[in-house]
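Trainee:
Residue numbers (this note's numbering): 69 to 136.
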């Protein structure tokens, strides 16, 4: 039960940070040009995809070694 509580806490914290970040990005829409705003969105998407790609192998190795 303790692990379930921890996972729920992580879920709520990630929702909090995601919603806070989306509010911050949403405020940029009124201050930036539309092209600049969507360029920022594209760069953030590429950065997130690159981070996931870079951490893919180390995470797979860590998960495989922990199951043994």
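C-beta atoms are modelled at their ideal positions from N, C-alpha and C, and glycine is treated no differently.
What does a CB cutoff of less than 6 Å around residue 76 pick up in its chain, not counting 5 residues either side in sequence?
Mentor: Contacts found: none.
Trainee: Just reading off the alpha helix (DSSP H) that residue 90 is part of, what are its end residues?
Mentor: 70–99 is the extent of the alpha helix (DSSP H) around residue 90.
Trainee: Skipping 5 residues on each side, what residues in its chain have a beta carbon closer than 6 Å to that of residue 97?
Mentor: Correct list, in chain order: 105.
Trainee: Residue 137 to residue 99, Cα distance in whole Å?
Mentor: This structure does not reach residue 137, given that the chain is present from 69 up to 136, and the question cannot be answered.
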